[in-house]
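Residue numbers (UniProt numbering): 1 to 279.
Note that beta-carbon positions come from the ideal geometry of N, C-alpha and C, so glycine has one too.
Structure first, then comments.
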């Protein structure tokens, strides 16, 4: 456990609240700092040089209904490459909203009223949960090849983004359990950005990994599940038409068919039977 934790308060537009909390707490074991971007956006706050250069151990995000969309966008843009461990000060947020933020890489959350003891305990837990090497080990962003990631879409081909590829999982590695949040992602995967999916996979891996190898294994397993979900969704949207589904994924038909075989996906159930003539 660290003797002192320095935590930045990231609360654009909430300077009075942040100012009231600024300073040492718990006899100096927790020191809260205010960000200069109190009048900026969530993206400005996360891009603060003091955050990106490691000045703080963690950041506390003030998030309410009026700001959650801004925070979602800012976190998704980082694609899991967060400047520090982040916690949310969740003001009147529903569980689903908090879950969305955690899926984008936030480590934990606290609710009002502010309690320095709880914040310190949750920060300790988040910081000690994973070796530093695993936090930095994000590797190439597979999300660049998913729909909604920049100028290209789908799995990517030709001049488009790099394709989504799931590596073989490490032998004997336990597969991360499927959560309600992941089910929601998979059910709407065609409408999700690559950044969102990348951040989600990183967050799941960080929560469950105990080493660099287990981080990679967990992330690859989540990526494989997203790959299966995307193929099924594309086939469902195009009534089992492999050519149209492959075009949507920006892949050659043969490559898409190979992915279907890899994941043992049969297009037949997605093909709608022609309506029978009325007697």
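query                                                                                                                                                                                    : result
Decide if residue 178 is buried, meaning its Cβ has at least 16 other Cβ atoms within 10 Å, or exposed.                                                                                  : exposed
With 16 other CB atoms within 10 Å as the buried threshold, where does residue 4 fall?                                                                                                   : exposed
Would you mind reading off the limits of the beta strand (DSSP E) that contains residue 114?                                                                                             : Run containing residue 114: none; DSSP gives neither H nor E here.
Quick check: the stretch 116-130 against the stretch 74-82, are at least 3 beta-carbon pairs closer than 8 Å?                                                                            : no
Go ahead and label residue 7 buried or exposed: buried means 16 or more other beta carbons lie within 10 angstroms of its beta carbon, across all protein chains shown.                  : buried
Could you name the residues of the same chain whose beta carbon sits closer than 8 Å to that of residue 84, not counting the 5 residues immediately before and after it, in chain order? : 8, 51, 54, 56, 57, 58, 59
So what's residue 99 in DSSP terms, helix, strand or just coil?                                                                                                                          : helix
Assign residue 250 to one of two classes, buried (16 or more other C-beta atoms within 10 Å of its C-beta) or exposed (fewer than that).                                                 : buried
Quick one: using the 10 Å Cβ neighbour count with 16 as the cut-off for buried, is residue 168 buried or exposed?                                                                        : Unreliable placement is indicated for residue 168, whose pLDDT of 41 sits below 50; no coordinate value is reported for it.
Give the DSSP bridge partners of residue 7, in chain order.                                                                                                                              : 32, 58
So the candidates are 254, 43, 119; which of them puts its Cα closest to the Cα of residue 29?                                                                                           : 119
Quick check: what's the CA-CA separation for residue 86 versus residue 184?                                                                                                              : 23 Å
Quick one: residues in its chain with C-beta nearer than 6 Å to the C-beta of residue 205, no 5 flanking neighbours on either side, listed in chain order?                               : 215, 218, 219
Check whether the Cβ atoms of residue 102 and residue 203 sit closer than 8 Å, and answer yes or no.                                                                                     : yes
Please classify residue 42: is it buried, with 16 or more other beta-carbons within 10 angstroms of its beta-carbon, or exposed?                                                         : buried
Starting from residue 49, follow the alpha helix (DSSP H) in both directions and report where the run begins and ends.                                                                   : 49-52
Tell me whether residue 198 is buried or exposed, calling it buried when 16 or more other Cβ atoms sit within 10 Å of its Cβ.                                                            : buried
Please report the residue range of the beta strand (DSSP E) in which residue 90 lies.                                                                                                    : 85-90
Is the beta carbon of residue 70 less than 8 Å from the beta carbon of residue 91?                                                                                                       : no
How many Å lie between residue 93 and residue 191 at the Cα?                                                                                                                             : 23 Å
From what residue to what residue does the beta strand (DSSP E) around residue 23 run?                                                                                                   : 23-25
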